[in-house]
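Novice: Basically the working numbering = 1-based index in the first sequence + 71.
Sharing a structure below in structure tokens format, with a few things to ask.
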Amino acid sequence: MPELPEVETTRRGIAPYLEGKRIAALRVRERRLRWPVPEGLEAQVAGARVQALERRAKYLLLRLDCGTLILHLGMSGSLRVLPATDPPQRHDHLDLVLEGGYCLRLRDPRRFGALLWCPDSPEAHPLLRDLGPESLSADFDGPYLAQVAAGRRVPVKSLIMDSGVVVGVGNIYASESLFLAGIHPQRACRRISAARYARLVGSIRQVLTAAIQQGGTTLRDFRQADGSPGYFALSLRVYGRAGAPCPRCGAPIQARRIGQRSSFFCPHCQH
DNA sequence: CCGGACGCCTGTCGGC
DNA sequence: TGCCGACAGGCGTCCG
Numbered sequence: 072m073p074e075l076p077e078v079e080t081t082r083r084g085i086a087p088y089l090e091g092k093r094i095a096a097l098r099v100r101e102r103r104l105r106w107p108v109p110e111g112l113e114a115q116v117a118g119a120r121v122q123a124l125e126r127r128a129k130y131l132l133l134r135l136d137c138g139t140l141i142l143h144l145g146m147s148g149s150l151r152v153l154p155a156t157d158p159p160q161r162h163d164h165l166d167l168v169l170e171g172g173y174c175l176r177l178r179d180p181r182r183f184g185a186l187l188w189c190p191d192s193p194e195a196h197p198l199l200r201d202l203g204p205e206s207l208s209a210d211f212d213g214p215y216l217a218q219v220a221a222g223r224r225v226p227v228k229s230l231i232m233d234s235g236v237v238v239g240v241g242n243i244y245a246s247e248s249l250f251l252a253g254i255h256p257q258r259a260c261r262r263i264s265a266a267r268y269a270r271l272v273g274s275i276r277q278v279l280t281a282a283i284q285q286g287g288t289t290l291r292d293f294r295q296a297d298g299s300p301g302y303f304a305l306s307l308r309v310y311g312r313a314g315a316p317c318p319r320c321g322a323p324i325q326a327r328r329i330g331q332r333s334s335f336f337c338p339h340c341q342h
């Protein structure tokens, strides 16, 4: 999926087409996403104005004057803005038709994405309520991460991918951040010093910021709002590069499953 | 409370 | 060439 950089890239790409615009119609071709698209949602949002497009974790929040649409891209979702008359293709499940002839179209082959309706404050929604701090915000810092880690015994990679700890660090960027910080992904999180956590926070920020600047990472499905791929795939140091030389020391990159997710690291540079 | 495993789906890729 | 299993960017839920 889209991790945080892909969702943020998408948000920035589609925001100009949405903010301040009125919704002419919602067309649902396939209701069976991660959760069913609520019955009657079409009537609920028709005619409403999009006040703002925000992001919390990997959720996009479309603030309407009458409530909030919560959109998630799952593993394979992408959003594009197209002329509303463009014929939908396979796996194009939703169109949010806007005044002026454009529509926002969701494509999601695996259907792990979601479109939900929240009539009141989305922060209180069960899916958003228990999320940790944003990874690029000031309240995600070294002392916070060290303190959270103290009570846990999972590998550090699982820790930073736990959305209750910090949001937005998915499988690709967890491996990349740990490489940059020189920390072995499987190291027990209680056996890492506060100083190294501070460094890890810096690495996460650096990796995510660079990835956003490159338009995210396209491995297969992901597309920016204009249809172009994300170019951060060219900057990946370890993810997907098992056997290739470490860009820092030349030793072969290792692959291993940690917490049911494939993980990549340099056995020489990361401890 | 925590941590680990599973399942949701479809598409693709590598090995035989 | 064809088939089959493994795996894929997430994450809620269940179980011990």
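Backbone N, C-alpha and C fix where the C-beta goes; we use that ideal spot for every residue, glycine too.
All values derive from a computational prediction rather than experimental measurement.
1) G213 and A269 - do their beta-carbons sit closer together than 8 Å?
2) Between the region 84-94 and the region 289-303, do at least 3 Cβ pairs fall closer than 8 Å?
3) To the nearest angstrom, report how far apart A313 and R262 are at their CA atoms.
4) Name the DSSP bridge partner or partners of V99?
5) Can you name the residues that DSSP bridges to Q325?
6) Leaving aside the five residues before and after E113 along the sequence, list all residues of the same chain whose C-beta is less than 6 Å from its C-beta, in chain order.
7) Kindly list the residues whose CB is nearer than 6 Å to the CB of A119, restricted to its own chain and excluding five residues on each side of it in sequence; keep chain order.
8) Give me the Cα-Cα distance between P226 and L251, rounded to the nearest whole angstrom.
9) What does a CB cutoff of less than 7 Å around P193 pick up in its chain, not counting 5 residues either side in sequence?
10) Hey, would you say L153 sits closer than 8 Å to K129, going by beta carbons?
11) I need the boundaries of the beta strand (DSSP E) containing P154, first residue and last residue.
12) Run through DSSP, which three-state label would Y310 get?
13) Can you round the beta-carbon distance between K92 and V116 to whole angstroms, since I take them to be within the 8 Å contact cut?
14) Under a three-way DSSP split, which group does E170 fall into?
Specialist: Answer, in terms of the structure:
1) yes
2) yes
3) 26 Å
4) L165
5) F336
6) L97
7) I94, L135, D136 and C137
8) 17 Å
9) L132, T139, I141 and L199
10) no
11) S149 to P154
12) coil
13) At roughly 12 Å, the Cβ-Cβ gap does not stay under 8 Å, so K92 and V116 are not in contact.
14) coil
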